[in-house]
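Read the structure below first, then the notes.
2 protein chains.
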Amino acid sequence: MNKQTTAEKIRTNSAGWMIKMISSRLDSNIKQELKRLGLDLKQFGVLMALLEEEGLTQTEIGKKITLPGYATTRTIDALEKKQLIERRTDERSRRSYRIYLTDKGHATGPELFIIINKVNKNLLSVISATERKQLTTILQKILSAGFA
Amino acid sequence: MNKQTTAEKIRTNSAGWMIKMISSRLDSNIKQELKRLGLDLKQFGVLMALLEEEGLTQTEIGKKITLPGYATTRTIDALEKKQLIERRTDERSRRSYRIYLTDKGHATGPELFIIINKVNKNLLSVISATERKQLTTILQKILSAGFA
DNA sequence: TTGCAATTGTTGCATTTGCAACTTATAATG
DNA sequence: CATTATAAGTTGCAAATGCAACAATTGCAA
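Those protein sequences? They're chains A and B, same order as listed.
All residue numbers for the first sequence refer to my numbering, where the first residue is 58 and numbers rise by one.
All residue numbers for the second sequence refer to my numbering, where the first residue is 58 and numbers rise by one.
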């Protein structure tokens, strides 16, 4: 097996590369869908985290969706400016905020679910039910193992 | 099933989200490894494409690794400055270049393979051989179907 | 309780990114 | 041919990003 073949095999057959390819297409699909809501991917992530659980601190949100602190600050700034979320003071600590969805923020929930379901459906449409099950199991296994 | 539960299920159980999570960890793992070579992800991608096949045009490279034209230009600028690749004139067309690895560029090949193998191995280490096979099959199926 | 360390969040600034406009060159069409 | 359309690559500029430094607060340990 020469170097040429090796490189091609790596690029087209390795799980890592394929996952990166699929992920970047997922991103552009979601971005496309989010455009009409005027949201970007990070804002989408923060909203999803808050739809799951409100009253989180910024650090907690960042941990949930893997966003560094400075990016969390700015994303929350943007969402607050759009009046989708609000910072409330934390009674227990004066150095952190508790983040809540506004009514307007709650209202975006269904739209976000539609988007994520649509993209997921599209992603999974070409594989069988059995394979879907397998894929989910495997991905969960990788993630729950930490993968770091 | 209330909204809370739905959101959590989407974030933690949907294939799309999980793939995005894994992909972002792959990126940071690779980035980490590339640091000591002084390369970034895009430069890594271009080098991989050229290790697979030399003499491509910039557009062809971009298509192979999903990089927009302007980014391809800049990445190739950077790699040329590092003397890892070179632009050669295309005899067939004066508006495109043919890109080749320099000796120094060829020499990075083995190091890149080591990195990608290491990251892949790490990714797949927690799943069984059967699951690895399943995962590869499924990912290939999704990609070959176009997924757009 | 005092002093040091760690946490939480923000921000200045340099680098990177992405869009759109641009140049040059080739292809297509009448 | 002449004209128009398309393609390949580059670049200016505004916006987004990431690092590192920062202020403010809290925890901890002597």
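For every residue, glycine included, the Cβ atom is placed at its ideal position computed from N, Cα and C.
Computed from a predicted model, the values in this text were never measured in an experiment.
With its beta carbon at least 8 Å from every one in chain A, ALA164/B lies outside the interface.
A buried status is given to LYS77/A, since no fewer than 16 other beta-carbon atoms sit within 10 Å of its beta-carbon. The C-alpha of TYR157/A is placed about 38 Å away from the C-alpha of THR123/B.
Contacts between GLN197/A and chain B, judged by CB atoms closer than 9 Å, involve THR69, ASN70, MET75 in chain order. Comparing alpha carbon positions, the residue from LEU98/B, ILE142/B, ALA202/B closest to ILE173/B is LEU98/B. Separation of VAL183/A and ASN70/A (C-alpha to C-alpha, rounded to the nearest whole angstrom) is 18 Å.
Its chain contains GLN115 as the residues whose beta carbon lies nearer than 8 Å to that of THR130/B, once the 5 sequence neighbours on both sides are disregarded; these appear in chain order. Here the alpha carbons of LEU141/B and ALA164/B stand approximately 9 Å from one another. Taking a Cβ-Cβ threshold of 9 Å, none of the residues of chain A is close to SER153/B; the smallest such distance is about 22 Å. Listed along chain B are ILE79, ARG82, ASN179, LEU180, VAL183, each with a C-beta nearer than 8 Å to that of PHE204/A. Within the region 140 to 173 of chain B, the complete beta strand (DSSP E) segments of 3 residues or longer fall at 142 to 146, 154 to 158, listed in chain order. Cβ-Cβ separation between ALA72/A and ASN177/B: approximately 6 Å, consistent with a contact (criterion under 8 Å). Identification of chain A residues near GLU65/B by a Cβ-Cβ cut-off of 7 Å yields GLU109, ordered along the chain. In this structure, THR132/A sits near GLN100/A, with a CB-CB distance shorter than 8 Å.
Judged by DSSP in its simplified three-state form, LEU200/A adopts helix.
When DSSP states are grouped into helix, strand and coil, LEU113/B belongs to the strand group.
In terms of Cβ geometry, LEU91/B and PHE204/A do not form a close pair [threshold 8 Å].
Distances from the alpha-carbon of LEU108/A to those of ARG189/B, LYS121/B, ARG68/B, ASN86/B put ARG68/B closest. Apart from sequence neighbours up to five positions away, the residues of its chain that approach LYS161/B with a beta-carbon distance below 7 Å are GLN140, LEU141, ordered along the chain. Burial is judged here by how many other beta carbons sit within 10 angstroms of a residue's own beta carbon; TYR154/A has at least 16 and is buried.
Contact note: GLU188/A reaches chain B through GLN191, THR194, ILE195, LYS198, using a C-beta cutoff of 9 Å and chain order. Taking C-beta separations shorter than 7 Å and ignoring five residues to either side along the sequence, the partners of THR159/B in its chain run GLN140, LEU141, ILE142, GLU143, following chain order.
Under the Cβ criterion of 8 Å, PHE170/A is counted among the residues facing chain B. From the beta-carbon of ILE142/A, no residue of chain B is found nearer than 7 Å; the closest lies around 14 Å away. Residues of the same chain with a CB within less than 7 Å of the CB of ARG189/A, apart from the 5 flanking positions on each side, are LEU181 in chain order. Assignment of ASP97/B by DSSP, reduced to helix, strand and coil, places it in the coil class.
A Cβ-Cβ distance of about 19 Å is found for the pair MET75/B and LEU104/A, leaving them out of contact under the 8 Å criterion. Closest option to LEU169/B, judged by alpha-carbon separation, among LEU94/B, LYS198/B, THR187/B: LEU94/B.
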